[in-house]
Amino acid sequence: MTIHIKNIKVRPKKKIQRTPCIYQLNSMLGCWAAHGDVMSAGECASHAQMLFECMRTMPPSKPTHKPTINYHLSRLGNRIQ
Numbered sequence: 002m003t004i005h006i007k008n009i010k011v012r013p014k015k016k017i018q019r020t021p022c023i024y025q026l027n028s029m030l031g032c033w034a035a036h037g038d039v040m041s042a043g044e045c046a047s048h049a050q051m052l053f054e055c056m057r058t059m060p061p062s063k064p065t066h067k068p069t070i071n072y073h074l075s076r077l078g079n080r081i082q
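The numbering used here puts the first residue of the sequence shown at 2, with every later residue one more than the last.
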C-alpha cells in the first residue's frame, strides 16, 4: 500500500485550555442558584465584583500560531505530480 503525499494530513496537537477566573465564575453561578439574585444586586454583588476584578486584571490572550505543515505538504504534492 503506497501513501501519496496528497493523502497526508498532520493533525494539530491538542492543547489543554486554561480557564482563567473559573473559581470566581463558579462562585457567582452558585450564588445565583442559591439566592436567585441573577441581577447581582443583593447577596451576589460581592461575587460579581470578584469576577469583574479577575476578568479586568487578566492579560489579553495572544493569537495562537497555526501550523503550516499541511500547506507545505499540499505545495509539495503539486510539485511532485
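Quick reminder that beta carbons are idealized off the backbone N, C-alpha and C, glycines included.
Nothing here was measured: the structure is a model prediction, and the numbers come from that model.
**Item:** Cβ shell of Q25 (< 6 Å), same chain only, five flanking positions each side left out
**Value:** So the list reads M51, L52, C55, once near-sequence residues are dropped.
**Residues near C22 in its chain [Cβ-Cβ closer than 8 Å; skip 5 each side]** = Closer than 8 Å at Cβ, skipping near neighbours: L52, C55, M56, M59.
**Message:** Judging by CA-CA distance, which residue of I70, I9, S75, S62 is the nearest neighbour of Q18?
**Reply:** Ranked by how close their Cα comes to the Cα of Q18, the residues I70, I9, S75, S62 have S62 in first place.
**Message:** Distance cutoff 9 Å, beta carbons only. Does S62 sit that close to anything in chain C?
**Reply:** No chain C is present in this structure, which holds just one protein chain.
**Asked** For H73, is the classification buried or exposed, using 16 other Cβ atoms within 10 angstroms of its Cβ as the cut-off for buried?
**Response** H73 should be labelled exposed.
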